[in-house]
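Have a look at the structure below, then the notes.
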Amino acid sequence: MPWRPMAAADMPPVFTLACAIHVDFFEALEVMADKLATYPAGCLVLERADGTIGGYAVSHPYVKGRVPKLNHVLRGLPTEADVYYIHDIAIDPAARGQGHAEAAVLLLARQAREAGFTEMRLLSVNNSEGFWTRRGFAPVGNETVDVSSYGDGAIYMFQSL
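Heads up: the sequence shown is residues 357 to 517, going by the working numbering.
In structure tokens:
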């Protein structure tokens with residue numbers, strides 16, 4: 357299952373997968389489509405041999421110390437963007453444990469470096485801190501970040517590139 361750039365036609369199956377995986381972190385179809393339209397270079401899908409979608413990744417430039425609010429459109433990228441933000445990597449349960457998420461992190465890191473960024477940031481949810489720590493991310497300890505739209509347990513993390 358190779359990762360490939362996400363296309364607008366992928367939005368319906370990506371949305372269906374997002375709704376199944378992120379039950380507590382709903383984002384409307386138009387919000388997800390806005391992220392693709394705003395920064396297509398940071399959006400990937402994991403395509404199965406039969407053409408169905410087995411996962412997706414959404415990322416884009418953003419600003420240190422801020423996270424996009426859940427279920428809100430970006431309305432463009434901030435002009436002062438100074439980090440590469442991983443908004444989401446989601447893998448269908450049937451495709452997990454095969455290295456796909458790790459491959460997505462590497463692809464997004466390459467995209468970030470090619471875009472001129474020296475740091476990636478993300479918000480760890482669903483008890484995923486261990487996954488991100490094993491991929492070189494660490495909690496950001498010196499910034500206060502509003503993560504209220506993501507609920508309790510969200511951890512703001514970074515990785516130097």
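Virtual Cβ for every residue (Gly too), placed ideally from N, Cα, C.
For residue i, which of the options has the nearest alpha-carbon?
| i | options | result |
| --- | --- | --- |
| residue 519 | 418, 450, 435 and 434 | Lying outside 357 to 517, the shown extent of the chain, residue 519 is not represented and no answer is given. |
| residue 416 | 470, 408, 397 and 403 | 397 |
| residue 476 | 426, 437, 395 and 400 | 437 |
| residue 406 | 508, 505 and 358 | 358 |
| residue 483 | 465, 362 and 508 | 508 |
| residue 455 | 370, 363, 485 and 491 | 491 |
| residue 435 | 489, 461, 394 and 450 | 394 |
Closest Cβ-Cβ distance between residue i and chain D: below 7 Å?
| i | result |
| --- | --- |
| residue 466 | Absence of chain D from the displayed structure is noted, only one protein chain being present. |
Skipping 5 residues on each side, what residues in its chain have a beta carbon closer than 6 Å to that of residue i?
| i | result |
| --- | --- |
| residue 414 | 391, 399, 443 and 444 |
| residue 420 | 438 and 439 |
| residue 478 | 442 and 513 |
Output the distance between the C-alpha atoms of residue i and residue j, rounded to the nearest integer angstrom.
| i | j | result |
| --- | --- | --- |
| residue 426 | residue 495 | 20 Å |
| residue 463 | residue 474 | 15 Å |
| residue 480 | residue 386 | 23 Å |
| residue 368 | residue 381 | 17 Å |
| residue 504 | residue 498 | 18 Å |
| residue 487 | residue 429 | 27 Å |
| residue 412 | residue 362 | 8 Å |
| residue 371 | residue 500 | 31 Å |
| residue 451 | residue 485 | 20 Å |
Hey, would you say residue i sits closer than 7 Å to residue j, going by beta carbons?
| i | j | result |
| --- | --- | --- |
| residue 515 | residue 493 | yes |
| residue 446 | residue 511 | no |
| residue 469 | residue 433 | no |
| residue 431 | residue 403 | no |
Return the chain-ordered list of same chain residues with a C-beta closer than 7 Å to the C-beta of residue i, the five sequence neighbours on each side being excluded.
| i | result |
| --- | --- |
| residue 366 | 401 and 409 |
| residue 374 | 383, 388 and 446 |
For residue i, count neighbouring C-beta atoms within 10 Å of its own C-beta (all shown protein chains included) and say buried if the count is 16 or more, exposed if not.
| i | result |
| --- | --- |
| residue 580 | The displayed coordinates of the chain run from 357 to 517. Any statement about residue 580 would go beyond what the structure contains. |
| residue 472 | exposed |
| residue 449 | exposed |
| residue 364 | exposed |
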